[in-house]
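Chains as they are written, first to last, in this note's numbering: chain A, 298 to 407; chain B, 15 to 130.
In what follows, a structure is listed as structure tokens, so that the remarks can point back to it.
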Amino acid sequence: SQQGEEDPQALSIQEGENATMNCSYKTSINNLQWYRQNSGRGLVHLILIRSNEREKHSGRLRVTLDTSKKSSSLLITASRAADTASYFCAGNNAGNMLTFGGGTRLMVKP
Amino acid sequence: GAVVSQHPSWVICKSGTSVKIECRSLDFQATTMFWYRQFPKQSLMLMATSNEGSKATYEQGVEKDKFLINHASLTLSTLTVTSAHPEDSSFYICSARRPQSYNEQFFGPGTRLTVL
């Protein structure tokens with residue numbers, strides 16, 4: 298079964314706007330990771346947040362983690378057309394296995 | 015960053031054919047590799063964990079005789095889809111874990127399998 302469930306499943310915004318994607322997970326995790334996938338391509342690792350961290354930044358990305366609610370969010374600020382892709386969260390459990398959520402398909406219109 | 019390659023990137027075959035997909039870690043040794051399957055517009059589902067020098071561990075519902083995994087060296091794992099059927103058509107993605115980066119998996123570009 299999938300660890301994380303993404304919300305929304307699809308998001309369409311204008312270039313320059315911020316995009317927020319949420320992810321919920323079911324079981325305990327050591328860390329949570331966000332990945333990006335362009336259509337028909339492999340995954341690109343974006344950011345990892347450990348279970349003892351609440352917020353992390355990387356460039357235009359901001360990730361939050363709330364272990365009490367078993368949820369995480371990914372914020373992309375000042376979005377660009379090139380950010381159009383699918384974004385997945387993945388929980389990394391004690392066995393260091395990644396379990397992926399359903400993904401959010403982001404469309405950034407120029 | 016670490017580089018993982020897959021070959022082929024796209025394969026089209028007839029039903030009944032066996033197809034081998036290679037996953038290579040190009041600049042590091044990977045004691046553990048993972049194989050995922052992804053249907054269109056869906057997420058990745060872990061199929062199996064491949065450990066160098068030992069048998070793969072398959073996830074529930076994945077037929078080990080259907081999806082043969084061999085991890086013969088620290089840089090190569092292969093997935094063979096035996097007697098492929100149209101329902102095996104999917105995007106297969108491998109990842110490799112570097113011992114020094116225990117939490118990170120590096121993903122290959124994926125292999126699109128189309129079974130006619």
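By construction, the Cβ of each residue, glycine as well, lies at the ideal position given by its N, Cα and C atoms.
1) Checking contacts by CB at 8 Å: is M394/A closer than that to chain B?
2) Quick one: measure Cβ to Cβ for G122/B and V33/B, integer angstroms, because I've assumed they're closer than 8 Å.
3) Buried or exposed: T401/A, going by 16 or more other Cβ atoms within 10 Å of its Cβ?
4) Could you have a look at E314/A and say whether DSSP puts it in helix, strand or coil?
5) What is the rounded straight-line gap between the Cα of D380/A and the Cα of N315/A?
6) Using 8 Å for Cβ pairs, my map puts T128/B next to I35/B. What's the rounded Cβ distance?
7) Name, please, each residue of chain A whose Cβ falls closer than 9 Å to the Cβ of S97/B.
8) What does the Cβ neighbour count give for R351/A, buried or exposed, with the cut at 16 atoms within 10 Å?
9) Three Cβ pairs or more, each shorter than 8 Å: is that satisfied between the stretch 41-51 of chain B and the stretch 96-112 of chain B?
10) Within the chosen definition, does the stretch 355-370 of chain A reach the stretch 332-341 of chain A through at least 3 CB pairs nearer than 8 Å?
11) Less than 8 Å between the CB atoms is what I'm expecting for T396/A and A387/A, so what's the real figure, rounded?
12) If you compare alpha carbons, which of A98/B, T125/B, S87/B is closest to L40/B?
13) When you compare the CB of R126/B with every CB in chain A, is at least one pair closer than 8 Å?
14) If we define contact as Cβ-Cβ less than 8 Å, is G339/A a contact residue for chain B?
15) Hey, would you say the C-beta of F120/B is under 7 Å away from at least one heavy atom of the ligand SAM?
16) Name the residues in the stretch 331-359 of chain A whose C-beta lies less than 9 Å from a C-beta of chain B; which are they?
17) Starting from G388/A, follow its DSSP beta bridges and name the residues at the other end.
18) Measuring only between beta-carbons, confirm whether F42/B sits less than 8 Å from chain A.
19) Grab the span of the beta strand (DSSP E) containing K353/A for me, first residue to last.
20) DSSP on D363/A, reduced to helix/strand/coil?
21) Sorted by chain position, which residues of the same chain lie with C-beta nearer than 6 Å to L345/A's C-beta, five sequence neighbours on each side aside?
22) Going along chain A in order, which residues have a C-beta closer than 7 Å to the C-beta of P123/B?
23) With distance defined between alpha-carbon atoms, name the residue in Q311/A, R357/A, D304/A nearest to M404/A.
On the basis of the data shown:
1) Taking 8 Å as the CB threshold, M394/A lines the interface with chain B.
2) Between G122/B and V33/B, the beta carbon gap of about 16 Å keeps them out of contact (Cβ cut-off 8 Å).
3) Buried.
4) Coil, per DSSP.
5) Whole-angstrom Cα-Cα distance: 11 Å.
6) No, T128/B and I35/B are not in contact; Cβ-Cβ is about 13 Å, not under 8 Å.
7) Contact annotation for S97/B against chain A: no contact, minimum CB-CB distance about 26 Å [criterion: below 9 Å].
8) Residue environment for R351/A: exposed (fewer than 16 other C-beta atoms within 10 angstroms of its C-beta).
9) Yes, they touch.
10) Counting C-beta pairs with one atom in each stretch, the stretch 355-370 of chain A and the stretch 332-341 of chain A have fewer than three that are closer than 8 Å, which means they do not touch.
11) Right, their Cβ atoms sit about 6 Å apart.
12) Considering only A98/B, T125/B, S87/B, the residue with the shortest C-alpha distance to L40/B is S87/B.
13) For R126/B, at least one C-beta of chain A is nearer than 8 Å to its own C-beta.
14) Yes, because at least one Cβ of chain B sits closer than 8 Å to the Cβ of G339/A.
15) The model on display carries no ligand, and the ligand SAM is accordingly not part of it.
16) So the list reads Y332, Q334, G337, R338, G339, L340, V341, H342, L345, R347, given in the order they occur along the chain.
17) DSSP output for G388/A lists L329/A, T396/A as bridge partner(s).
18) Not one chain A Cβ lies under 8 Å of F42/B.
19) In the DSSP assignment, K353/A falls within the unbroken beta strand (DSSP E) covering 352-355.
20) Taken through DSSP and simplified to helix, strand or coil, D363/A comes out as strand.
21) Only N328, Q330 meet the Cβ criterion.
22) Against chain A, the beta carbon of P123/B has neighbours under 7 Å at R338, G339, listed in chain order.
23) Closest by alpha carbon: Q311/A.
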